[in-house]
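Residue numbers (this note's numbering), protein chains in the order written: chain X, 80 to 377; chain P, 80 to 377.
For every residue, glycine included, the Cβ atom is placed at its ideal position computed from N, Cα and C.
2 protein chains.
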Amino acid sequence: MSGCPLSVEGMASVLPASNKSMKSDRNTNVGKKFVHVQNPYLDLMDEDILYHFALGTKTHNLPVMFGDVKFVCVGGSSNRMKAFALRMHKELGCEGDGEEMKDICAGTDRFCMYKTGPVLSISHGMGVPSISVMLHELIKLLYHAQCCDVTIFRIGTSGGIGIEPGSVVITDTAVDSFFKPRFEQVIMDSIVTRSTELDRDLAEELFTCSKDFPHFPTLIGHTMCTDDFYEGQGRLDGALCSYSREKKLDYLKRAYKAGVRNIEMECTVFAAICGRCGIKGDPPGCWTSPDSRNQAQC
Amino acid sequence: MSGCPLSVEGMASVLPASNKSMKSDRNTNVGKKFVHVQNPYLDLMDEDILYHFALGTKTHNLPVMFGDVKFVCVGGSSNRMKAFALRMHKELGCEGDGEEMKDICAGTDRFCMYKTGPVLSISHGMGVPSISVMLHELIKLLYHAQCCDVTIFRIGTSGGIGIEPGSVVITDTAVDSFFKPRFEQVIMDSIVTRSTELDRDLAEELFTCSKDFPHFPTLIGHTMCTDDFYEGQGRLDGALCSYSREKKLDYLKRAYKAGVRNIEMECTVFAAICGRCGIKGDPPGCWTSPDSRNQAQC
């Protein structure tokens, strides 16, 4: 089998040894879109520790380890993200069966991370706060590694609304529980409303790709993000349920009317953070699950 | 070594084989405080699947497996909750070294769960949405298992404010980012404000216990819950930071003045859900970490 198109090993020889020398190169690569941070304090720090990845700028050579990353795929479950990495390893025609692939974040149990060629696969747990921690550290990792022209996807199961079980929903707009395309970020004791705009061209490109896989019903639609799996999504089987089946159905009908085709728990903050840091596109692609759990809310 | 005071095996012989027959006993145990749900639909369901635990009422005999549970300890990290279970196994004088202890939720990678004697140890990931999913299913589990007189604790690292690194904070009041003792639960597109009251007597009892361990500075104080680790807690080392060091310090000073002694990401929903379901006390006990990460915000 042939080597990966852009392997970690292949990049090592052409990258300088320290972060400092990389930083000066950042503005000389005209036409490239570098991942950036929006934090004036970061470059003043002697060391940046990515706590929840168990990585750091002094302990790890991030440009060598991650400089060639072009695609980042994130999902809630650690098992699934390992399976995804193994699948990508095979699809890219990388050497070996991938079983030797190590969890780069093995020093912590917060998240797991696998890399194969230019593809990084990372888990993020459940809900906005959990993925938010991961995204802050991911973006700093890509920034320190001088990554450019990076595209990020979120993949995961979700609850479908009025669509065929097992469908793939490519998100065009991430909306909150009130069907609004916004993310309310609490910064200490202030609330800042951020845009959840996504790259429509990328959504269309993914939709075009889906035509090669007609056995997966695929559509473009709005994805709704909730902060709770049970009451937040109107489920009738939580420990707490103070509403009627009719009220639940009315809510889901109104969501459908507003363009929502599936519900998950991370898309608004995903769109809000990635969009501000120069990462192309970022439409979450959410697979609705064919099991009864998710369809119960349709 | 002696057996556990209330082992799973010991209970099996005195418990009936099905959930149905247990339900009729629920009201005959006068003086016992049973864990309850607030959902009229639950008893009408033929089967209740606890999706994120990979357990269910038809596939598992929950009264036999969990009927003797009296203490539940929850924390974010799966490794730590396994270590805690092993520690409890030893402290309780259970047979064996505990290494044979199995993750009861091995069928999923969402959470992990260990049981030793009457103590259940469960991980919940990071943030309100993640622990909320776990708590709904935990309470249903305890309800189906006919558990009574259960006390639940949350243990975990947190960021201290104006206290000695490594201190243990026993929470008397869980407050939100605005220093208010409330949890705003979004139920579909409505917002319901819930109380985050905790059991003061239990907090005092824990504080009394702490006197046996004078090498851990221990205090009772308010714990603040945020939905974000970086901007939410005023950190200066996230991918996004739009505020000054002075503004951060001003916020932390105001938090201290309001009685807040530590910050974490789960306590308000923990108090709100457990308090409604008949679980005694539930003061989260939060250990402030002695590392520089957490003290950076002091």
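Contact list for residue i against chain P, beta-carbon separation under 7 Å
| i | result |
| --- | --- |
| residue 298/X | Result: empty, since nearest Cβ-Cβ is about 23 Å, beyond 7 Å. |
| residue 121/X | 316 |
| residue 245/X | Near residue 245/X there are no residues of chain P at all, since even the closest Cβ is about 17 Å away, more than 7 Å. |
| residue 261/X | Neighbours of residue 261/X on chain P: none; closest Cβ ~14 Å, over 7 Å. |
| residue 124/X | 316 |
Contact check, residue i vs residue j, beta carbons under 8 Å
| i | j | result |
| --- | --- | --- |
| residue 127/P | residue 136/P | yes |
| residue 276/X | residue 270/X | no |
| residue 354/P | residue 115/P | no |
| residue 298/P | residue 248/P | yes |
| residue 307/P | residue 153/X | no |
| residue 238/X | residue 340/X | no |
| residue 187/P | residue 131/P | yes |
| residue 241/P | residue 335/P | yes |
| residue 171/P | residue 195/P | yes |
Option nearest residue i by Cα separation, candidates the options
| i | options | result |
| --- | --- | --- |
| residue 260/X | 250/X, 170/X, 172/X | 250/X |
| residue 338/X | 328/X, 112/X, 159/X, 301/X | 301/X |
| residue 110/P | 202/P, 129/P, 125/P, 227/P | 227/P |
| residue 314/X | 256/P, 214/P, 267/P | 267/P |
| residue 324/X | 292/X, 335/X, 310/X | 310/X |
| residue 347/P | 252/P, 176/P, 357/P | 252/P |
| residue 206/X | 217/X, 242/X, 155/X, 216/X | 155/X |
| residue 350/X | 241/X, 272/X, 121/X | 272/X |
| residue 204/P | 217/P, 189/P, 218/P | 189/P |
| residue 220/X | 320/X, 335/X, 321/X, 122/X | 122/X |
| residue 211/P | 195/X, 329/X, 317/X, 144/X | 317/X |
| residue 113/X | 225/X, 159/X, 283/X | 225/X |
Within chain P, partners of residue i - CB distance below 8 Å
| i | result |
| --- | --- |
| residue 158/X | 188 |
| residue 341/X | The premise fails here: residue 341/X is roughly 16 Å from chain P at the closest Cβ pair, so nothing lies under 8 Å. |
| residue 352/X | 318, 319 |
| residue 335/X | Within chain P, no residue comes near residue 335/X; the closest Cβ sits about 13 Å away, beyond 8 Å. |
| residue 204/X | 204, 205, 206, 209 |
Chain X contact residues for residue i, given Cβ-Cβ distances below 7 Å
| i | result |
| --- | --- |
| residue 268/P | 256, 257, 330 |
| residue 355/P | 319 |
Classification of residue i by the beta-carbon crowding that lies within 10 angstroms, buried from 16 upward
| i | result |
| --- | --- |
| residue 388/P | Because chain P is modelled from 80 through 377, residue 388/P falls outside the range shown and cannot be assessed. |
| residue 236/X | buried |
| residue 147/P | buried |
| residue 142/P | buried |
| residue 174/P | exposed |
| residue 208/P | buried |
| residue 328/P | exposed |
| residue 167/P | buried |
| residue 145/X | buried |
| residue 124/X | exposed |
| residue 163/X | buried |
Beta-carbon contacts of residue i that lie in its chain and below 7 Å, excluding the five residues immediately before and after
| i | result |
| --- | --- |
| residue 305/P | 256, 311, 312, 342, 344 |
| residue 161/P | 191, 193 |
| residue 169/P | 177 |
| residue 158/X | none |
Sequence-distant residues of the same chain with beta carbon closer than 6 Å to residue i, five excluded per side
| i | result |
| --- | --- |
| residue 165/X | 177 |
| residue 352/P | 214 |
| residue 192/X | 183, 184, 201 |
| residue 258/P | 337 |
| residue 102/X | No answer about residue 102/X holds up, because its pLDDT of 47 lies below 50 and its placement is not dependable. |
| residue 290/P | none |
| residue 326/P | none |
Contacts that residue i makes with chain X (C-beta to C-beta distance below 9 Å)
| i | result |
| --- | --- |
| residue 305/P | 208, 265, 267 |
| residue 127/P | 316 |
| residue 112/P | Under the 9 Å cutoff, chain X gives no residues; its nearest Cβ is about 16 Å from residue 112/P. |
| residue 249/P | In chain order: nothing, as chain X lies at least about 23 Å away. |
| residue 219/P | 316, 317, 318 |
| residue 54/P | Outside the displayed span of chain P (80 to 377) sits residue 54/P, for which this structure offers no information. |
Chain P contact residues for residue i, given Cβ-Cβ distances below 9 Å
| i | result |
| --- | --- |
| residue 116/X | 317, 318, 319, 320 |
| residue 310/X | 211, 215, 264, 265, 266, 267, 271 |
Cβ shell of residue i (< 8 Å), same chain only, five flanking positions each side left out
| i | result |
| --- | --- |
| residue 150/P | 197, 198, 199, 229, 230, 231, 232 |
| residue 320/P | 309, 310, 314 |
| residue 100/X | A caution first: residue 100/X carries a pLDDT of 38, below 50, which makes its placement in the model unreliable, though a value can still be read off. Same-chain partners within the cutoff: there are none. |
| residue 129/X | 135, 216, 219, 220 |
CB contact below 8 Å: residue i versus chain B
| i | result |
| --- | --- |
| residue 344/P | The question asks about chain B, but that chain is absent: this structure's protein chains are X and P. |
beta-carbon residue i near the ligand NAD non-hydrogen atom, thresh 7 Å
| i | result |
| --- | --- |
| residue 327/P | You won't find the ligand NAD in this model; it holds no ligand whatsoever. |
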